[in-house]
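Chains as they are written, first to last, in the working numbering: chain A, 115 to 223; chain B, -15 to 98.
Backbone N, C-alpha and C define an ideal beta-carbon position, used for all residues, glycine too.
None of the values given here were measured: they were computed from a predicted structure.
I have placed the structure first, in the form of structure tokens, so that the comments after it can refer back to it.
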Amino acid sequence: DAKTTQPNSMESNEEEPVHLPCNHSTISGTDYIHWYRQLPSQGPEYVIHGLTSNVNNRMASLAIAEDRKSSTLILHRATLRDAAVYYCILRVTGNQFYFGTGTSLTVIP
Amino acid sequence: EPEVTQTPSHQVTQMGQEVILRCVPISNHLYFYWYRQILGQKVEFLVSFYNNEISEKSEIFDDQFSVERPDGSNFTLKIRSTKLEDSAMYFCASSEDRANQPQHFGDGTRLSIL
Chain A
115 DAKTTQPNSM ESNEEEPVHL PCNHSTISGT DYIHWYRQLP SQGPEYVIHG
165 LTSNVNNRMA SLAIAEDRKS STLILHRATL RDAAVYYCIL RVTGNQFYFG
215 TGTSLTVIP
Chain B
-15 EPEVTQTPSH QVTQMGQEVI LRCVPISNHL YFYWYRQILG QKVEFLVSFY
35 NNEISEKSEI FDDQFSVERP DGSNFTLKIR STKLEDSAMY FCASSEDRAN
85 QPQHFGDGTR LSIL
């Protein structure tokens, strides 16, 4: 199984950067690393994905280790609206995503 | 920005009844998915659908479940003879026609079995 390991919870002060880590030591060579988040009472929301190089978009940055066995999602300035469960996801097979337990991010005003 | 829409937002059904959950995927997407999330638990993959047939399914997706794309816009999940343990949030998602592409999720249907 393409499993991932994340801390259960993290806290951040508002307007400070947040680094959310993920370990994925069993990742295969062609699998992208996906990050999603789930706000309360909503469906998972796509955040970012990447293969080898670091990636940036309007929501976040993704830093991928050179050996691809770990990655870090970076929120540059946390806001209260960023409080959510963040999932680091790999494909299991085909297009089947495996959601772990994720990291519950608390943003402190 | 285009989005996946799901109806109804909340469905209450008596145990043993059939229920159909509806989804309208993003219009140019070709892969469609159903996931479920029992209260307080992980999001679990149920099934993926491509080119009018099931491409993958999990152990959860047994004979009680079926999916269909009845027309060019809707994607449905049918649960026959519902059980109490089918109570969950059901999320529909869609993605473009290439593997490893992001999946875009709807806000889900809360299914309550009484």
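To which residues does DSSP link B:Ile44 through a beta bridge?
DSSP lists no partner for B:Ile44.
Chain-ordered residues of the stretch 64 to 98 of chain B with a beta carbon less than 7 Å from chain A:
Phe75, Ser79, Ala83, Asn84, Pro86, Gln87, His88, Phe89, Gly90, Asp91 and Gly92
Output the distance between the C-alpha atoms of B:Val(-12) and A:Val169, rounded to the nearest integer angstrom.
25 Å
Taking the straight line between their C-alpha atoms, what separation do you get for A:Asn122 and A:Gly216?
6 Å
Please report the straight-line C-alpha distance between A:Lys183 and B:Leu98, rounded to a whole angstrom.
45 Å
Can you tell me the Cβ-Cβ gap for A:Asn209 and B:Glu40, rounded? I've got them flagged as a contact below 8 Å.
7 Å
At the 8 Å Cβ level, is A:Ile138 part of the contact set with chain B, yes or no?
For the record, residue 138 of chain A in the displayed sequence is His; it is not Ile. No, A:His138 lies away from the interface with chain B (no Cβ there is under 8 Å from its Cβ).
Using the DSSP secondary-structure output, state which residues sit across from B:Arg6 in a beta bridge.
B:Thr(-9) and B:Thr60
Are B:Glu69 and B:Ile44 touching if we call contact CB-CB under 8 Å?
no
For A:Ile141, count neighbouring Cβ atoms within 10 angstroms of its own Cβ and tell me buried if that reaches 16, exposed if not.
buried
Would you call the stretch -7 to 1 of chain B and the stretch 137 to 153 of chain A touching, i.e. three or more CB-CB distances under 8 Å?
no
Quick one: list the residues of chain A neighbouring B:Ser11, beta-carbon separation under 7 Å, in chain order.
The contacting residues do not exist; B:Ser11 stays about 17 Å from chain A at best.
Between the stretch 38 to 55 of chain B and chain A, which residues of the former have a C-beta closer than 8 Å to a C-beta of the latter?
Ser39, Glu40 and Ser42
Are the stretch 1 to 14 of chain B and the stretch 54 to 63 of chain B in contact at 8 Å, needing three or more beta carbon pairs?
yes
Determine the chain A residues that contact B:Ser32 at a beta-carbon separation under 9 Å, and present them in chain order.
Gly208, Asn209 and Gln210
Return no unless some Cβ of chain A is closer than 8 Å to the Cβ of B:Lys62.
no
In terms of residues, what are the limits of the beta strand (DSSP E) holding B:Tyr74?
Ala72 to Ser79
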